[in-house]
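Single-structure report; data block below.
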Amino acid sequence: MNDTAIDYAAVFQALPGMVALLTPELVYADANREFLRVTGRKREQLVGRHLFEVFPDNPNDGAASGMRNLAASLQRVLATGEREAMALQRYDVESSERPGEWDERYWSPVNAPVHGRDGSVVLLVHRVEEVTELIRARGGRGAGGEARAGSRGRVLEAELYTRARELQELNERLRLAHAREREVALALQEAMLPAGRQVGHHRAAVRYRPAVGALNVCGDWYDLVDLVGGNRIGVSVGDVVGHGLEAAGVMGQLRSALSATSRVAAGPAEALNVLGRYAHVVDGAESATAVTTFIDFDHRTITYSSAGHPPPALVHTDGRVEFLDRATDPPLDARPTPVRRPQARTVYDSGATLALYTDGLVERRHEDIDTGLARLAGSLARHREADPESLADAVLLELLPPGGATDDTALVIVRL
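This note's numbering puts the first residue of the sequence shown at 1028, with every later residue one more than the last.
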């Protein structure tokens, strides 16, 4: 069946479970028939109204926490863009037939994001399974329950609810620990990854995207430095194997070493020669890759050398994309004894664009690397007349999956 022939609104209404759609402001956008039936609400009582205006906490229960827990879960989904299953919740609902009276209810909620074309969360799917009858059955409050069975059931109910609360508290502690680790990662990112102001008046844009589920700093890095002698800058990117703070520490050491070396080296090959020797004594630098380019704006030349890294892309003003792959060598620390690395030079016309990137931008599982390079070339050519900031955003939007990539991504765009 053709997708255009499917009435997805009808499918949504026919879903067998309780499902509602919320805006990022937690306002009801829609709810299916089952959601309305179980909650005892009409559609006009939900759509356009805030979630907690429709379903506040039971004011007669001072220990009620359902609203707070649900709000925290939905905000995490908005912030991370990841699905979250909540622990069992007691969340009483005001009776639709007897205003002022509250029905004891138990729920098992799952919250999931709906991503827009730019990767942001545009809607929240709030799916709920009511387990009130299960809890009551376990507690022996159903018809025909015997006293002994009811006693055992109440114990089971208490254990189930207690374990759910313990799980929720444990998850909260883990989230706090992750938040602290993320703060460290953000500080590392700010300290280790330079800003564009370090390349003077030249127009450049930098982007860094961590892998899905990773901290904000991983193993990819970039560097832009003013070079001694003439109107020249050095632009580099690199990739350290691994994720997390350990990889970030190695990344910082290699980036700093190359940044210092580039300022005194005769060319990019010499800079990578020195970096390779340094990588040999840095734990965790095995198989790290890097590419560095020396741009001479006076002579309109780019001299480059690569240590096992994907080639930079030079976008000419006529839309032709040239991959700078004539000076490629094995990764850093790949050889037991140092061997002089190659370098090559190319020319460009004023207005051309240079793009350096890491493999997270172009590599996909079960796909040849040439496919990713062709996708990058097409995106760069289409948007070549945009300013570097807009061009960088367009490339990331077109090449990265909506939910984020499984590998880190660094991108540097320089207008020549």
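No residue lacks a Cβ here, since even glycine has one placed at the ideal position from N, Cα and C.
Compute the Euclidean distance between the alpha carbons of PRO1086 and THR1066, then round it to the nearest angstrom. 18 Å
Grab the span of the beta strand (DSSP E) containing ASN1138 for me, first residue to last. 1133–1142
Cα separation between PRO1428 and ARG1234? 16 Å
Which word fits HIS1153, buried or exposed, when buried means at least 16 other C-beta atoms lie within 10 angstroms of its C-beta? buried
Run through DSSP, which three-state label would ARG1175 get? Only weak support exists for where ARG1175 lies, its pLDDT of 47 falling under 50; the value from the coordinates is given anyway. ARG1175: helix per DSSP, three-state reduction.
Let's see if you can read the secondary structure: which residues bound the alpha helix (DSSP H) around SER1417? 1415–1426
For ALA1170, which residues of its own chain have a beta-carbon under 6 Å away from its beta-carbon, when the five flanking residues on both sides are left out? With a pLDDT of 44 at ALA1170, under the threshold of 50, the predicted position of this residue should be treated as unreliable, though the coordinate-derived value follows. Taken in chain order, the list of residues that qualify is empty.
Is the number of C-beta pairs between the region 1046–1055 and the region 1096–1106 that are closer than 8 Å three or more? yes
Would VAL1264 and LEU1383 be called neighbours here (beta carbons separated by less than 7 Å)? yes
Coil, strand or helix - MET1094 by DSSP: helix
How big is the Cα-Cα spacing for SER1314 and GLY1044? 50 Å
Start-to-end residues for the beta strand (DSSP E) that takes in GLU1156: 1148–1157
Buried or exposed: where does LEU1418 fall if 16 or more other Cβ atoms within 10 Å of its Cβ makes it buried? Residue environment: LEU1418 is assigned as buried (16 or more neighbouring CB atoms within 10 Å of its CB, all protein chains considered).
Could you tell me the alpha carbon to alpha carbon distance between ASP1386 and VAL1318, rounded to whole angstroms? Near 12 Å, if we compare the C-alpha coordinates of VAL1318 and ASP1386.
Suppose the cutoff is 8 Å on Cβ atoms and the five residues either side in sequence are ignored; what does the same chain contact list for GLN1040 look like? ASN1059, ARG1060
Nearest residue (CA-CA) to ASP1345, options ASP1323, HIS1410, ASP1088, GLY1256: That would be HIS1410, whose Cα lies nearest to the Cα of ASP1345.
Within its chain, find whatever has a CB closer than 8 Å to the CB of PRO1357; leave out the 5 residues flanking it on each side and keep chain order. ALA1334, GLY1335
Between the region 1356–1372 and the region 1388–1407, do at least 3 Cβ pairs fall closer than 8 Å? Cβ pair count under 8 Å is below three, so no.
Work out the CA separation of ASN1096 and GLU1121 for me, nearest whole Å. Rounded to the nearest angstrom, the gap between the Cα atoms of GLU1121 and ASN1096 is 18 Å.
Taking the C-alpha atoms as reference points, what is the distance between VAL1348 and ILE1322? 17 Å
May I ask you to list the residues that DSSP assigns as paired with LEU1381? LEU1341, VAL1441
From which residue to which residue does the beta strand (DSSP E) around THR1330 run? 1328–1334
Neighbourhood of VAL1074 by C-beta distance below 6 Å, restricted to the same chain and skipping five residues each side: TYR1055
Simplified DSSP assignment, three categories, for GLU1124: Here GLU1124 sits in coil by DSSP.
With ARG1327 and VAL1374 assumed to form a contact (beta carbons below 8 Å), what rounded beta-carbon distance in angstroms separates them? The Cβ separation is near 6 Å, so the contact holds.
Along the chain, where does the alpha helix (DSSP H) that runs through ASP1397 open and close? 1396–1409
Per DSSP, which one or two residues make a beta bridge with GLU1111? ASN1138
Rank ALA1204, GLU1131, ARG1110 by C-alpha distance to the C-alpha of PHE1082 and give the top, closest one. GLU1131
Pull up the distance between the alpha-carbon of GLU1425 and that of ALA1404, whole angstroms please. 11 Å
Does the beta-carbon distance from ALA1114 to TYR1249 come in below 7 Å? Between ALA1114 and TYR1249, the C-beta gap is not smaller than 7 Å, which leaves the two residues out of contact.
The alpha helix (DSSP H) enclosing GLY1303, as first and last residue numbers: 1295–1306
Counted within 10 angstroms of its Cβ, other Cβ atoms place SER1123 as buried (16 or more) or exposed: exposed
Nearest to ALA1274 (by Cα), restricted to the options ASP1247, ARG1392, ILE1260, PRO1126: ASP1247
Taking 7 Å as the cut-off, decide whether the C-beta atoms of ALA1287 and VAL1441 are in contact. no
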